[in-house]
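Residue numbers (our numbering), protein chains in the order written: chain A, 56 to 271; chain B, 286 to 713; chain C, -9 to 150.
Below is one structure, written out as structure tokens; comments come after it.
If you want it as structure tokens, here you go:
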């Protein structure tokens, strides 16, 4: 008997997993694709960074998805058009990817070491993978052809342009392997940040995307 | 008598492009275009959208009458040329008008096949969708249920359009075993059928139309398996090149029924060129003679014909047949060879069923030779590029083909990933 | 005529170009609707190959002859390939025949659209922090690329 419950929006996350994309995921600013995972445990929540699932969730109109309970059969959590549903899926990780991947869809398969995306990148850790497996979830998919609608598009454009200008990666210095992660997020760790306004940027981003003042 | 340096018969994409190309190449030329219709160039492919109500009549036109005037091209509408005197170089219209020409371009296009000998096909309620007048005839006829005969682009788009127009019941009838078997394999046809069903179109394949019922108008269609009551029949069973004029004038007609032209669009008469649906040309993938009754070959061939008439040097190197329908949520594309065409010998097929779409790739000796896709157009550029490069039409040309040595256990996405990686062009 | 040029060796696949293109053209962040897409392919050795899918304003554009409404034009002087605002019937001929898959079905206009270089000040170039995208004369960009490639080959230059 499946006890899996999925809900979107301002969700209760006392147990199970809360996938939370945050309001800035997918807004276009450098590094704005990552997200925080929360896994409920006895000592509270653990946080993990993730891949472009966050941005895709916001494009799919469901930035917060809470899952608890356990499914009787292996399922994939499919997030699209403001909803998250559990779809039965039986097959290998490769078959999962072949079935769900499109140009705009982020597909994460649950492996032993974490969650793997289409390009072979691993995010999360063994613990979260184990938790998902115990719930009989074999994959998480977000259909990202939708939009993040900013409250103030002009301010967003200006802020993003300013942020990229501040990064200024005109010449490519030597890259260390771990730096590749930052590079993939659009941030060169070795670049000189030309502007001290970086903190201010986050406040502007929040205002531009949500229309509200940020409490930082 | 009217004198034209370049006389063009037909004002579809081929004739119209020929006219503008000739005039642009040599503005001093007197360029005259005749069309038996009352309209200047319009888009026949857009007719289903007019039928469905998505666009209005104005949106159909590609070039309005005043554009011809502005370019200095004389457009004679409602003028049906019925005879060409090659010796005197004079064209004669049904109204008795005579036009002498320096160069002549034949762009009469094609006409839809209608089974005139079958009883009932001449009754009111029988329709085709070739011209604006055809569509307006359908719009002016009161109907609630339709039978669409044929499953090519005309049948597919016609069905979708009638549904959008408010027809309660639309049934597509295809005589062959599955839909468009020359372009699609059965598995792809099944997916297409599912898609059509989801839009409310019923599909009957392997069933041929034997007769039409009705006394003073259409009331039903009799197939090899049943009788289907209906108000209208939309015939989409194929097009034939309109070559009567050329035949009567003694020009060479090819084995496929089109006017024979060389790569400069010149016919067997050095002063006469031809372009568009009425010509026989070459298939880029096979190198064999082919008829390509599509928009893009018509425009490109028309441009070449017009340029050459004006003393230019343009080559038309044939075309690749692309089966494409994209209308109201129905999306299907196919090109290259089908699995069925191999008759069980020597091809490997990879299929992909995703949550929303279906694709299949056909390989011969590790080279991609065909592709079909339903509900997606992703990666179509890579696939068309591969299939084109893998064809062996030009002897002596560089071998740009990509071979996937071992297809065992590979998915469609694996192959596409490989093609994308291997594609060297466009590196800046 | 200046075009968008892409140096794949510098691209980090950060997605800024697509995000900003949609923001610029549609006022929302919707990369799926952007007129530039970076597509990745993985080799067996893990090496990534990145390709930019964006209008190349081809010398002999197939889209011009493929368009079944005749609304795609190539400017004879500048070479710029443009589309009329009205008239697209979304037949997808341009999308299927474009050699780089640059045509995008815009859901607001219900028309296939391509990169119009933002009127000469492309937004994507401004946010490409690695310098993979630039707005340059293709011949000059090609020469610069070949030059840096040659320098690398003989062991000079900054990037390993």
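Note that CB positions come from ideal geometry on N, CA and C, so glycine has one too.
Model, not experiment: these values are computed from the prediction.
Unbroken beta strand (DSSP E) run spanning residue 533(B), endpoints:
Indexing the second chain from 1 puts residue 533(B) at position 248. Where residue 533(B) is concerned, there is no enclosing beta strand (DSSP E), although the alpha helix (DSSP H) around it starts and stops at 529 to 533.
Starting from residue 577(B), find everything on chain C with Cβ-Cβ shorter than 9 Å and list it in chain order.
Taking the second chain and counting its residues from 1, one reaches residue 577(B) at position 292. Chain order gives no chain C residues near residue 577(B), where near means a beta carbon separation below 9 Å; the closest approach is about 13 Å.
Would you kindly work out how many angstroms separate the C-alpha atoms of residue 634(B) and residue 645(B), rounded to a whole number?
Within the second chain, the letter at position 349 stands for residue 634(B). Within the second chain, the letter at position 360 stands for residue 645(B). Approximately 7 Å between the Cα atoms of the pair.
Any Cβ of chain A within less than 8 Å of the Cβ of residue 107(C)?
For the purposes of this step, residue 107(C) is taken as residue 117 along the third chain, with counting starting at 1. At a cut-off of 8 Å, the C-beta of residue 107(C) has no neighbouring C-beta in chain A.
Residue 181(A) to residue 107(A), Cα distance in whole Å?
As a first step, residue 181(A) is located in the first chain; it is residue number 126 there, counting from the start. As a first step, residue 107(A) is located in the first chain; it is residue number 52 there, counting from the start. C-alpha of residue 181(A) to C-alpha of residue 107(A): approximately 19 Å in a straight line.
Taking Cβ-Cβ distances below 8 Å as the criterion, which residues of the segment 201 to 214 of chain A are in contact with chain C?
Contacts with chain C (Cβ-Cβ distance below 8 Å) from the segment 201 to 214 of chain A involve 201, 202, 203, 204, 205, 208, 211 and 212, listed in chain order.
Given a limit of 8 Å on CB to CB distance, which residues of the segment 1 to 18 of chain C reach chain A?
Against chain A - using a Cβ distance shorter than 8 Å - the residues of the segment 1 to 18 of chain C are 2, 3, 4, 5, 6, 9, 10, 12, 13, 14, 16, 17 and 18.
Does the segment 470 to 490 of chain B come close enough to the segment 339 to 357 of chain B that 3 or more CB-CB pairs lie under 8 Å?
The way I'd put it, the segment 339 to 357 of chain B doesn't touch the segment 470 to 490 of chain B; fewer than three beta-carbon pairs between them come closer than 8 Å.
Between residue 75(C) and chain A, is there a C-beta pair that is closer than 8 Å?
If you number the third chain from 1, residue 75(C) lands on position 85. Residue 75(C) does not count as touching chain A.
Any contact of the segment 388 to 407 of chain B with the segment 559 to 579 of chain B, i.e. 3+ C-beta pairs under 8 Å?
Contact between the segment 388 to 407 of chain B and the segment 559 to 579 of chain B is established, with three or more Cβ pairs separated by less than 8 Å.
Per DSSP, the bridge partner or partners of residue 698(B)
To locate residue 698(B), count along the second chain from 1; it is residue 413. Residue pairing by DSSP leaves residue 698(B) without any beta bridge partner.
Reduced DSSP category for residue 388(B) - H, G, I as helix; E, B as strand; rest coil
Residue mapping note: residue 388(B) aligns to position 103 of the second chain, counting from 1. The three-state secondary structure of residue 388(B), taken from DSSP, is strand.
Below 7 Å on C-beta distance, what does residue 81(C) contact in chain B?
Here residue 81(C) corresponds to residue number 91 of the third chain, with the count starting at 1. For residue 81(C), the residues of chain B that pass the 7 Å Cβ criterion are 330 and 611, in the order they occur in the chain.
Report the residues of the segment 27 to 59 of chain C with a CB closer than 9 Å to any CB of chain A, ordered along the chain.
The residues in question are 27, 29, 30, 32, 36 and 38.
What ranges does the alpha helix (DSSP H) occupy inside the segment 507 to 585 of chain B, keeping only unbroken runs of at least 4 residues that lie completely in it?
DSSP assignment within the segment 507 to 585 of chain B yields the following whole alpha helix (DSSP H) runs of 4 residues or more, N-terminal first: 529 to 533.
Report the residues of the segment 157 to 182 of chain A with a CB closer than 8 Å to any CB of chain C, ordered along the chain.
Result list: 158, 159, 174 and 175.
Residue 219(A) versus 113(C), 142(C), 41(C) and 136(C), residue with shortest Cα-Cα distance
Residue numbering aside, residue 219(A) sits at position 164 when the first chain is read from its first letter. Nearest neighbour of residue 219(A) by Cα position, chosen from 113(C), 142(C), 41(C) and 136(C), turns out to be 113(C).
What does DSSP give as the partner residue(s) for residue 643(B) in the beta ladder?
The count along the second chain starts at 1 and reaches residue 643(B) at position 358. Partner(s): 638(B) and 659(B).
Sorry if obvious, but does the Cβ on residue 402(B) come closer than 7 Å to a heavy atom of the ligand NAD?
Looking for the ligand NAD in the displayed structure turns up nothing, as the structure carries no ligands at all.
Give the straight-line distance between the Cα atoms of residue 61(A) and residue 122(A), rounded to the nearest whole angstrom.
By one-based count along the first chain, residue 61(A) stands at place 6. By one-based count along the first chain, residue 122(A) stands at place 67. Distance between residue 61(A) and residue 122(A), taken at the CA atoms: about 5 Å.
Can you pull the DSSP bridge partners for residue 64(C)?
Numbered from its first residue, the third chain carries residue 64(C) at position 74. According to DSSP, which records beta bridges pairwise, residue 64(C) is partnered with 71(C).
Could you tell me whether the Cβ atoms of residue 293(B) and residue 304(B) are closer together than 8 Å?
Position 8 of the second chain holds residue 293(B). Position 19 of the second chain holds residue 304(B). In this structure, residue 304(B) lies closer than 8 Å to residue 293(B) by Cβ.
Are the beta-carbon atoms of residue 557(B) and residue 536(B) separated by less than 8 Å?
Counting from one through the second chain, the residue named residue 557(B) turns up at place 272. Counting from one through the second chain, the residue named residue 536(B) turns up at place 251. In contact: residue 557(B) and residue 536(B) (Cβ atoms closer than 8 Å).
Under a Cβ-count criterion, where at least 16 other Cβ atoms within 10 Å of its own Cβ denotes burial, should residue 664(B) be classed as buried or exposed?
On the second chain, position 379 is the one that residue 664(B) refers to. Under this definition residue 664(B) is a buried residue.
Neighbour list for residue 154(A) in chain B, Cβ cutoff strictly below 8 Å
Here the question's residue 154(A) lines up with position 99 in the first chain. What residue 154(A) touches in chain B: 638, 639 and 640.
Look up residue 225(A) in the DSSP assignment and say whether it is helix, strand or coil.
Counting from one through the first chain, the residue named residue 225(A) turns up at place 170. For residue 225(A), the predicted model reports a pLDDT of 38, less than 50, meaning its position is unreliable; a value from the coordinates is still stated below. Coil, per DSSP.
Within chain A, the residues that residue 663(B) reaches when beta carbons sit closer than 9 Å:
Working through the second chain from its first residue, we reach residue 663(B) at position 378. Against residue 663(B), the close residues of chain A are 157 and 158, in the order they occur along the chain (beta-carbon pairs closer than 9 Å).
Distance check for residue 463(B) and residue 490(B), CA to CA, integer angstroms please.
By one-based count along the second chain, residue 490(B) stands at place 205. By one-based count along the second chain, residue 463(B) stands at place 178. Using only the alpha carbons, I get a separation of about 5 Å.
Taking residue 70(C) as the reference, give the member of 97(C), 79(C) and 104(C) with the closest Cα.
Along the third chain, read from residue 1 onward, the residue named residue 70(C) stands at position 80. For residue 70(C), the nearest C-alpha among the options comes from 104(C).
In angstroms with no decimal places, state the Cα-to-Cα distance between residue 125(A) and residue 429(B).
Here residue 125(A) corresponds to residue number 70 of the first chain, with the count starting at 1. Here residue 429(B) corresponds to residue number 144 of the second chain, with the count starting at 1. Taking the Cα positions, residue 125(A) is about 51 Å away from residue 429(B).
Please classify residue 10(C): does DSSP put it in a helix, a strand, or coil?
Taking the first residue of the third chain as 1, we reach residue 10(C) at position 20. Correct three-state label for residue 10(C): helix.
Give the DSSP-derived three-state secondary structure of residue 113(A) in the structure shown.
Residue mapping note: residue 113(A) aligns to position 58 of the first chain, counting from 1. Here residue 113(A) sits in helix by DSSP.
Kindly indicate which residue of 288(B), 332(B), 326(B) and 530(B) has the alpha-carbon position closest to the one of residue 314(B).
For the purposes of this step, residue 314(B) is taken as the residue at position 29 of the second chain. When only C-alpha atoms are compared, the closest one is 288(B).
Name, in chain order, the residues that DSSP records as bridge partners for residue 649(B).
Taking the first residue of the second chain as 1, we reach residue 649(B) at position 364. Answer is 652(B), bridged to residue 649(B).
Can you give the beta carbon distance from residue 720(B) to residue 455(B), rounded, assuming they're within the 8 Å contact cut?
Given that chain B is displayed from residue 286 to residue 713, the structure contains no residue 720(B) and the question cannot be resolved.
Coarse secondary structure for residue 164(C), derived from DSSP in three states:
Nothing can be reported for residue 164(C): it is not among the residues displayed for chain C, which extend from -9 to 150.
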